[in-house]
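Enquirer: In full-length UniProt numbering, the protein residues as written are 1 to 450. First the structure, which I've put down as structure tokens, then a few questions once you've had a look.
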Amino acid sequence: MKEKDQHSQGGSQPTSSKSASQSPSVEVSESTPILDASARFAEEIEGPKQAQEISAESSNRSDSGTAPLKDDDILISPSSPHLFIPSPVSASRDYSLILDGPRAVSPVIIQAPTGPQTIHKVAGVGGAPKGEKKTPNTYKRMDQLNWFSWDELEANGTLLSDKQNRFLRVANTKRTQYQDGFDKGNYFENIYPLIVSNYTKSEKIVYCGNILNGKKVPCHQWAFCSKCAYVTGMESSLMYAPAFSETNFFHLTCSFNGHHSLGSTNYPVMQDYWEANEAAVRHLLKSGWIDGACVVHELALHSFVPVRVVPHSHVVITADRISPELKPALVDFLTNQPGIEMPPSIDVRLIDHQRGLDRVLKYQTEAIDIKQAYDTAWHNQVDTDRKGAIELNQQLKEFLESYGASIYGFPRVIRMGNLRPGTKSYIGKLQKELRKASKRKRAKAKKQRS
1 MKEKDQHSQG
11 GSQPTSSKSA
21 SQSPSVEVSE
31 STPILDASAR
41 FAEEIEGPKQ
51 AQEISAESSN
61 RSDSGTAPLK
71 DDDILISPSS
81 PHLFIPSPVS
91 ASRDYSLILD
101 GPRAVSPVII
111 QAPTGPQTIH
121 KVAGVGGAPK
131 GEKKTPNTYK
141 RMDQLNWFSW
151 DELEANGTLL
161 SDKQNRFLRV
171 ANTKRTQYQD
181 GFDKGNYFEN
191 IYPLIVSNYT
201 KSEKIVYCGN
211 ILNGKKVPCH
221 QWAFCSKCAY
231 VTGMESSLMY
241 APAFSETNFF
251 HLTCSFNGHH
261 SLGSTNYPVM
271 QDYWEANEAA
281 VRHLLKSGWI
291 DGACVVHELA
301 LHSFVPVRVV
311 PHSHVVITAD
321 RISPELKPAL
331 VDFLTNQPGI
341 EMPPSIDVRL
351 IDHQRGLDRV
361 LKYQTEAIDI
371 KQAYDTAWHN
381 QVDTDRKGAI
391 ELNQQLKEFL
401 ESYGASIYGF
411 PRVIRMGNLR
421 PGTKSYIGKL
431 QKELRKASKR
441 KRAKAKKQRS
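Below is the structure:
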């Protein structure tokens, strides 16, 4: 059994945030004054009483000149409404396009048929337009919220900082309009708690995939970003999959039975376990048990309240055959390594087809699953009592920073023997060959588009 199969159970899928309902459109003839049209619209949406108020206000304005805008006024904008909906690219260059000004513009509600003028309804900062229903803010602290719930974070945006609200809007725009492969993994499950917890690398992850000088820039934070995790695994697959017929490939899992705590004081212990696994694989290589290896270090999160984790390593190895003595030898080696307290758990399996090799290489670099442990703790510790949410969110915040510290500057992908580029025995494709192939593929796609 793979480590992730041993130490995780199926979690609930993230619920999609409710899409905003589109306001009905009202046609305005060329001869109809704009303010009369607003009264007609108010009568349809908000009732005759509100329509009379708007009509009266319209008459007053026509008699006394232009009055200052109020929160429920109607504006005439000569620009397209799409300018107010930023792409992740434009948002990273110009935060002013992310609705951080004094007013927020809602979707179009009236389109004049004879010109480019578009009428928008204006809402005050942090609130819905008057007459529209707004979710009440029932919480006083940010850490009382469910950090995985977009609806709850959005409804309580006043508890968050301007920076957090800005990142959340960019992330939600990416989720609803510019998915670009980020929806294939758990990127949108992880991104909201990363933002709200003020995780050190959250900004890089939010703007992952933005275009700079005509190229998409990855965040390279594949511990939490599922798209970068997939790309990292794909790179290994492109290197090794063509060599499948040249030797035998095996999937080795070096894990441990039990659990370990993780916090700001003991995060270096995770590196002790990873280094022990790497040393064990090097021992196999030097002893002639295997010909090559690609080692990837990972962490399985079992629970919050308390935090329980298992450091482990997934290894793709090459060898003519695997001796029955290999597993006992690994257990003995790891047991005698300094700092190793949990008993080793070793599993090795033959990869019998090329598609299986591709799956294992991508499986090696999956982004960590945080939501399952959080949902379980929320059900057991919080439910309707939000006092428990404070402790849970504090542990989540400390876990993210501690895990980030444990992998910072630490090599998590190690290649050895005939799976290490640059050695005489290397059997995979070289990086320069892969770059040339990628360049040819892009040129072909560009030619087909033109």
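Heads up, the beta-carbon is just placed ideally off N, CA and C, and yes, glycines get one too. None of the values given here were measured: they were computed from a predicted structure.
May I ask which residues mark the beginning and end of the alpha helix (DSSP H) holding Gly404?
Expert: Translated into positions along the sequence shown, residue 404 becomes position 404. Counted as a single uninterrupted DSSP element, the alpha helix (DSSP H) harbouring Gly404 occupies residues 387 to 407.
Enquirer: CB His295 to CB Val281, shorter than 7 Å?
Expert: If you number the sequence shown from 1, residue 295 lands on position 295. If you number the sequence shown from 1, residue 281 lands on position 281. His is not the amino acid found at residue 295; the sequence shown has Val there. Going by C-beta atoms, Val295 is nearer than 7 Å to Val281.
Enquirer: Would you kindly report the start and end of the unbroken beta strand (DSSP E) that includes Ile351?
Expert: Position 351 of the sequence shown holds residue 351. Start and end: 344 to 351.
Enquirer: Helix, strand or coil for Val296? Go by DSSP, reduced to three states.
Expert: As a working note, residue 296 is residue 296 in the sequence shown. If DSSP states are grouped into helix, strand and coil, Val296 belongs with the strands.
Enquirer: Roughly how many angstroms lie between the CA atoms of Ala367 and Ile390, to the nearest whole one?
Expert: To locate residue 367, count along the sequence shown from 1; it is residue 367. To locate residue 390, count along the sequence shown from 1; it is residue 390. Approximately 25 Å between the Cα atoms of the pair.
Enquirer: Could you pull out every unbroken alpha helix (DSSP H) segment of at least 4 residues lying fully inside the stretch 313 to 339, listed in chain order?
Expert: 326 to 335
Enquirer: Beta-carbon within less than 7 Å of Asn257's beta-carbon, same chain only, minus the 5 sequence neighbours each way: which residues are those?
Expert: Here residue 257 is taken as the residue at index 257 of the sequence shown, counted from 1. Same-chain partners within the cutoff: Met342, Pro343, Ser345.
Enquirer: If you draw a straight line from the alpha carbon of Val153 to that of Gly288, how long is it in whole angstroms?
Expert: As a first step, residue 153 is located in the sequence shown; it is residue number 153 there, counting from the start. As a first step, residue 288 is located in the sequence shown; it is residue number 288 there, counting from the start. Looking at the sequence shown, residue 153 is not Val but Leu. If you take the alpha carbons of Leu153 and Gly288, they lie about 55 Å apart.
Enquirer: Classify Gly157 as helix, strand or coil using the three-state DSSP reduction.
Expert: Here residue 157 is taken as the residue at index 157 of the sequence shown, counted from 1. Helix at Gly157.
Enquirer: Taking 8 Å as the threshold, find out whether the stretch 224 to 232 comes into contact with the stretch 240 to 251 through three or more Cβ pairs.
Expert: no
Enquirer: Check for me: the alpha helix (DSSP H) holding Asn210 runs from which residue to which?
Expert: Within the sequence shown, numbered from 1, the residue matching residue 210 stands at position 210. Where Asn210 is concerned, there is no enclosing alpha helix (DSSP H), although the beta strand (DSSP E) it sits in stretches over 210 to 212.
Enquirer: Between Lys216 and Asn210, what straight-line distance do the alpha-carbon atoms span, to the nearest angstrom?
Expert: For the purposes of this step, residue 216 is taken as residue 216 along the sequence shown, with counting starting at 1. For the purposes of this step, residue 210 is taken as residue 210 along the sequence shown, with counting starting at 1. Distance from the CA of Lys216 to the CA of Asn210, rounded to the nearest whole angstrom, comes to 5 Å.
Enquirer: Could you tell me which uninterrupted alpha helix (DSSP H) segments, each at least 4 residues in length, are contained entirely in the stretch 159 to 229, listed from first to last along the chain?
Expert: Counting only runs of at least 4 residues, the stretch 159 to 229 fully encloses the following alpha helix (DSSP H) elements, listed from N- to C-terminal order: 162 to 177, 187 to 196, 202 to 206.
Enquirer: My output table needs one value for Gly263: the three-state DSSP class, helix, strand or coil.
Expert: Here residue 263 refers to the residue found at position 263 of the sequence shown. Reduced to three states, the DSSP call for Gly263 is coil.
Enquirer: How would you call Pro193, buried or exposed, if buried means at least 16 neighbouring beta carbons within 10 angstroms?
Expert: Residue numbering aside, residue 193 sits at position 193 when the sequence shown is read from its first letter. Pro193 is buried by the Cβ-count criterion.
Enquirer: Between the C-alpha atoms of Val125 and Asn213, what's the straight-line distance to the nearest angstrom?
Expert: Mapped onto the sequence shown, residue 125 falls at position 125. Mapped onto the sequence shown, residue 213 falls at position 213. Any reading at Val125 is ruled out, since the residue's pLDDT is 35, under 50, leaving its predicted position unreliable.
Enquirer: So does the stretch 379 to 389 actually touch the stretch 138 to 151, counting three or more Cβ pairs closer than 8 Å?
Expert: Yes: the two stretches touch, three or more of their Cβ pairs being nearer than 8 Å.
Enquirer: DSSP state of Val231, grouped into three classes?
Expert: By 1-based counting over the sequence shown, the position of residue 231 is 231. Three-state result, Val231: helix.
Enquirer: Does the beta-carbon distance from Ala373 to Leu301 come in below 7 Å?
Expert: As a first step, residue 373 must be located in the sequence shown, where it is residue number 373. As a first step, residue 301 must be located in the sequence shown, where it is residue number 301. A Cβ-Cβ contact shorter than 7 Å links Ala373 with Leu301.
Enquirer: So what does DSSP say about Thr138, is it helix, strand or coil?
Expert: Indexing the sequence shown from 1 puts residue 138 at position 138. Correct three-state label for Thr138: coil.
Enquirer: Distance check for Asp183 and Arg175, CA to CA, integer angstroms please.
Expert: Mapped onto the sequence shown, residue 175 falls at position 175. Mapped onto the sequence shown, residue 183 falls at position 183. Rounded to the nearest angstrom, the two C-alpha atoms are 7 Å apart.
Enquirer: Are the stretch 267 to 281 and the stretch 356 to 370 touching by the rule of at least three beta carbon pairs closer than 8 Å?
Expert: Short answer: they don't touch.
Enquirer: Gln354 to His220, Cα distance in whole Å?
Expert: Position 354 of the sequence shown, counting from 1, holds the residue named residue 354. Position 220 of the sequence shown, counting from 1, holds the residue named residue 220. Approximately 27 Å between the Cα atoms of the pair.
Enquirer: Return the Cβ separation of Lys371 and Glu189 in integer angstroms, given the expectation that the two are a contact with Cβ distance under 8 Å.
Expert: Start at 1 with the first residue of the sequence shown, and residue 371 comes out as number 371. Start at 1 with the first residue of the sequence shown, and residue 189 comes out as number 189. The Cβ separation is near 5 Å, so the contact holds.
Enquirer: Give the straight-line distance between the Cα atoms of Leu400 and Glu298, rounded to the nearest whole angstrom.
Expert: Here residue 400 is taken as the residue at index 400 of the sequence shown, counted from 1. Here residue 298 is taken as the residue at index 298 of the sequence shown, counted from 1. Going from the Cα of Leu400 to the Cα of Glu298 covers about 14 Å.
Enquirer: Would you mind giving the Cβ-Cβ distance between residue 453 and Leu330, rounded to the nearest angstrom? I have them listed as a contact below 8 Å.
Expert: The chain is shown only over 1 to 450; residue 453 falls outside these bounds and no answer can be derived.
Enquirer: Do you know how far the Cα of Arg321 is from the Cα of Gln179?
Expert: Mapped onto the sequence shown, residue 179 falls at position 179. Mapped onto the sequence shown, residue 321 falls at position 321. The straight-line gap from Cα to Cα measures roughly 43 Å.
Enquirer: Between the alpha carbons of Leu285 and Tyr408, how many angstroms are there, rounded?
Expert: Working through the sequence shown from its first residue, we reach residue 285 at position 285. Working through the sequence shown from its first residue, we reach residue 408 at position 408. Answer to the nearest angstrom: the Cα atoms are 27 Å apart.
Enquirer: Counting C-beta neighbours from all protein chains within 10 Å, is the total for Asp352 16 or more, i.e. buried, or is it exposed?
Expert: Counting from 1 along the sequence shown, the entry for residue 352 is found at position 352. The residue in question, Asp352, is exposed, as its Cβ has fewer than 16 Cβ neighbours within 10 Å.
Enquirer: In this structure, how does DSSP classify Thr384 when only helix, strand and coil are distinguished?
Expert: The residue given as residue 384 occupies position 384 in the sequence shown. It is coil, neither helix nor strand.
Enquirer: Identify the residues that DSSP records as bridge partners of Ser303: which are they?
Expert: Numbered from 1 along the sequence shown, position 303 holds the residue referred to as residue 303. Paired residue(s): Arg308.
Enquirer: Under DSSP, the alpha helix (DSSP H) around Arg355 begins and ends at which residues?
Expert: Translated into the one-based positions of the sequence shown, residue 355 becomes position 355. Run containing Arg355: 354 to 363, per the alpha helix (DSSP H) assignment.
Enquirer: Taking the beta carbon of Cys279 as the centre, do at least 16 other beta carbons fall within 10 Å, making it buried, or is it exposed?
Expert: Numbered from its first residue, the sequence shown carries residue 279 at position 279. Note that residue 279 is Ala in the sequence shown, not Cys. The residue in question, Ala279, is exposed, as its Cβ has fewer than 16 Cβ neighbours within 10 Å.
Enquirer: Return the bridge partner residues of His251 from the DSSP annotation.
Expert: Within the sequence shown, numbered from 1, the residue matching residue 251 stands at position 251. Paired residue(s): Val316, Arg349.
Enquirer: Which same chain residues, not among the five before or five after Phe333, have their C-beta less than 8 Å away from its C-beta?
Expert: Taking the first residue of the sequence shown as position 1, residue 333 is located at position 333. Here the set comprises Ala279, Ala280, His283.
Enquirer: Are the beta-carbon atoms of Thr318 and Asp291 separated by less than 7 Å?
Expert: Reading the sequence shown from its first residue, position 318 is the one you call residue 318. Reading the sequence shown from its first residue, position 291 is the one you call residue 291. Against a cut-off of 7 Å, the Cβ pair of Asp291 and Thr318 comes out as a contact.
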